[in-house]
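For reference, the structure discussed in these notes is given below.
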Amino acid sequence: MKPYPHKIPLATPTMHEEEMAYIQDAFDRNWIAPLGFNCDGFEHEMNIYLNRGGNGQFHALCLNAGTAALHLAVKLAGVRRGDVVLCSDMTFAATVNPVSYEGGVQVFIDSERETWNMDPRALELAFEKYPDAKVVMLAHLYGTPAKMDEIKEICRRHNAVLIEDAAEALASEYREEKCGTFGKYNVLSFNGNKIITTSGGGMLLCDNEDDRRKALFWATQAREPALWYQHNEIGYNYRMSNVVAGIGRGQLKHLEEHRDRKEVIYRRYEKAFANLPIAMNPYLPDSKPNFWLSCMTVEEDVRVDPMDIIRKLAECNVEARPIWKPMHMQPVFEGFDFITAEKTPINEDIFNRGLCLPSDIKMTEEEQRYVIEIIRSFF
Numbered sequence: 618m619k620p621y622p623h624k625i626p627l628a629t630p631t632m633h634e635e636e637m638a639y640i641q642d643a644f645d646r647n648w649i650a651p652l653g654f655n656c657d658g659f660e661h662e663m664n665i666y667l668n669r670g671g672n673g674q675f676h677a678l679c680l681n682a683g684t685a686a687l688h689l690a691v692k693l694a695g696v697r698r699g700d701v702v703l704c705s706d707m708t709f710a711a712t713v714n715p716v717s718y719e720g721g722v723q724v725f726i727d728s729e730r731e732t733w734n735m736d737p738r739a740l741e742l743a744f745e746k747y748p749d750a751k752v753v754m755l756a757h758l759y760g761t762p763a764k765m766d767e768i769k770e771i772c773r774r775h776n777a778v779l780i781e782d783a784a785e786a787l788a789s790e791y792r793e794e795k796c797g798t799f800g801k802y803n804v805l806s807f808n809g810n811k812i813i814t815t816s817g818g819g820m821l822l823c824d825n826e827d828d829r830r831k832a833l834f835w836a837t838q839a840r841e842p843a844l845w846y847q848h849n850e851i852g853y854n855y856r857m858s859n860v861v862a863g864i865g866r867g868q869l870k871h872l873e874e875h876r877d878r879k880e881v882i883y884r885r886y887e888k889a890f891a892n893l894p895i896a897m898n899p900y901l902p903d904s905k906p907n908f909w910l911s912c913m914t915v916e917e918d919v920r921v922d923p924m925d926i927i928r929k930l931a932e933c934n935v936e937a938r939p940i941w942k943p944m945h946m947q948p949v950f951e952g953f954d955f956i957t958a959e960k961t962p963i964n965e966d967i968f969n970r971g972l973c974l975p976s977d978i979k980m981t982e983e984e985q986r987y988v989i990e991i992i993r994s995f996f
């Protein structure tokens with residue numbers, strides 16, 4: 618096939634008019650420095666959105682990256698040097714890297730096939746092996762909710778703090794409750810390819826005001842309330858810009874619209890591949906993913922290499938990506954423990970047979986048909 622006249626991307630920002638109004642307000646009031654009224658408004662409005670599920674009050678803190686929010690969550694959870702943290706294995710490295718920032722030790726937990734997320738059975742095995750583990754870090758892969766009732770119950774029985782990485786799962790729901798509200802500490806990301814973006818940025822959600830206040834203290838260089846610059850603890854420059862937060866406020870107004878358009882893309886792929894040896898990324902019937910990225914796996918007995926599909930798409934000016942390479946397979950974590958409830962690790966199998974498909978909400982039906990035609994040609 619001839620290359621498409623322009624690039625069909627994996628996922629890019631989709632902007633609207635409201636963002637510029639909030640940005641202009643920051644300029645007009647000369648408030649472009651970190652923190653400010655847009656940050657306050659973004660935190661308040663996100664809290665209202667997440668609480669539509671009736672989960673109660675959360676205390677939100679705007680930060681300059683989802684990774685910063687994860688780091689502060691790890692600190693708030695009390696992770697110290699040598700502490701074991703039970704982590705999602707199938708995720709982006711940003712989920713688990715903050716454990717290393719505090720000297721903790723990651724133990725990686727395999728996924729189950731129904732959602733591609735942390736397997737509760739493997740988590741139980743991990744607690745049998747590491748009974749002193751007091752923190753679990755869970756990520757919802759590609760916007761698909763994990764088995765949260767089971768995970769939360771396991772954490773409760775073992776008196777473990779749950780950190781929920783909902784960076785990919787804003788607007789997703791599990792049993793009518795919003796992702797980003799299940800943990801003691803919850804994290805959102807507004808990176809450029811997320812379902813809504815601030816160009817870069819993140820948010821920490823705490824279940825009490827004291828933790829939010831402590832996180833803000835650390836995020837603003839741990840400066841003590843003195844006339845001079847006094848620091849009794851190590852701090853960080855993790856604040857979100859008032860301008861960036863304005864983008865987030867405008868984007869938030871379109872979150873559900875973005876989610877619905879993502880689902881349309883997923884359903885087109887699902888319908889087009891129904892008669893092929895291809896499976897779409899799965900989800901539970903009582904969950905509502907945000908379909909951030911549509912993904913597929915090739916059936917085991919079919920001799921089609923997903924990397925060949927990715928290369929062919931690239932030749933045709935279409936962006937696709939491999940599935941996240943599991944953390945236990947990463948060189949930086951060589952020798953770290955990995956717990957699975959299966960004879961053959963599920964994450965390795967998904968990685969070997971899967972790929973992420975173009976999921977940009979500005980992708981036209983014609984562009985998506987072009988992508989589908991290329992993939993169908995392999996079968």
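Mapped onto my numbering, the consecutive letters of the sequence shown carry residue numbers 618 to 996.
C-beta atoms are modelled at their ideal positions from N, C-alpha and C, and glycine is treated no differently.
Here the structure is a predicted model, which means the values were calculated and not measured.
Out of curiosity, what's the CA-to-CA distance linking residue i and residue j?
| i | j | result |
| --- | --- | --- |
| residue 738 | residue 983 | 43 angstroms |
| residue 985 | residue 635 | 28 angstroms |
| residue 670 | residue 685 | Residue confidence for residue 670 is low, a pLDDT of 49 falling below 50, so the modelled location carries little weight; the figure read from the coordinates is stated next. If I take the Cα positions, the gap works out to 26 angstroms. |
| residue 910 | residue 790 | 16 angstroms |
| residue 600 | residue 795 | Residue 600 lies beyond the range of the chain shown here (618 to 996); nothing can be said about it. |
| residue 962 | residue 727 | 7 angstroms |
| residue 621 | residue 927 | 15 angstroms |
| residue 988 | residue 619 | 12 angstroms |
| residue 653 | residue 660 | 11 angstroms |
| residue 937 | residue 624 | 11 angstroms |
| residue 784 | residue 810 | 11 angstroms |
| residue 1001 | residue 629 | Residue 1001 is absent from the model: the chain starts at 618 and stops at 996. |
| residue 939 | residue 710 | 14 angstroms |
| residue 786 | residue 872 | 12 angstroms |
Measure the CB-CB distance between residue i and residue j and report whether it falls below 9 angstroms.
| i | j | result |
| --- | --- | --- |
| residue 733 | residue 703 | no |
| residue 779 | residue 705 | no |
| residue 882 | residue 978 | yes |
| residue 931 | residue 916 | no |
| residue 782 | residue 708 | yes |
| residue 924 | residue 886 | no |
| residue 942 | residue 968 | yes |
| residue 833 | residue 663 | no |
| residue 1010 | residue 855 | Nothing about residue 1010 can be reported from this structure: the residues present for the chain run from 618 to 996 only. |
| residue 721 | residue 696 | yes |
| residue 827 | residue 801 | no |
| residue 752 | residue 700 | yes |
| residue 863 | residue 666 | no |
| residue 676 | residue 866 | no |
Which residues share a DSSP beta bridge with residue i?
| i | result |
| --- | --- |
| residue 816 | 808 |
| residue 654 | For residue 654, which the question treats as bridged, DSSP gives no partner whatsoever. |
| residue 1000 | In the structure displayed, the chain extends from 618 to 996; residue 1000 sits before or after that span and is not available. |
| residue 680 | 819, 856 |
| residue 973 | 912, 938 |
| residue 840 | 848 |
| residue 795 | 790 |
| residue 640 | Per DSSP, none; premise fails for residue 640. |
| residue 803 | 781, 822 |
| residue 665 | DSSP lists no partner for residue 665. |
| residue 735 | 728 |
| residue 992 | In the DSSP output, where bridge partners are listed per residue, residue 992 has none listed. |
| residue 978 | Partner(s): none; residue 978 has no beta bridge. |
| residue 625 | 935 |
Just to check, is the beta-carbon of residue i closer than 8 angstroms to a non-hydrogen atom of the ligand MG?
| i | result |
| --- | --- |
| residue 674 | No copy of the ligand MG appears in this structure; indeed no ligand is present at all. |
Count the C-beta pairs between the segment 902-910 and the segment 875-893 that are closer than 8 angstroms, then say yes if the count reaches three, no if not.
-> yes
Stretch pair the segment 705-724 + the segment 889-905: three plus CB contacts closer than 8 angstroms | no
Should the segment 645-662 be called in touch with the segment 951-960, which here means at least 3 C-beta pairs below 8 angstroms?
-> no
Is it a yes or a no for the segment 848-866 touching the segment 956-972, going by three-plus beta-carbon pairs under 8 angstroms?
-> no
Which runs of the beta strand (DSSP E) fall wholly inside the segment 750-781 and span at least 3 residues, in chain order?
-> 752-756
In chain order, which continuous runs of the beta strand (DSSP E) of length 3 or greater are located wholly inside the segment 890-969?
-> 895-897, 912-915
Between the segment 800-807 and the segment 816-831, do at least 3 Cβ pairs fall closer than 8 angstroms?
-> yes
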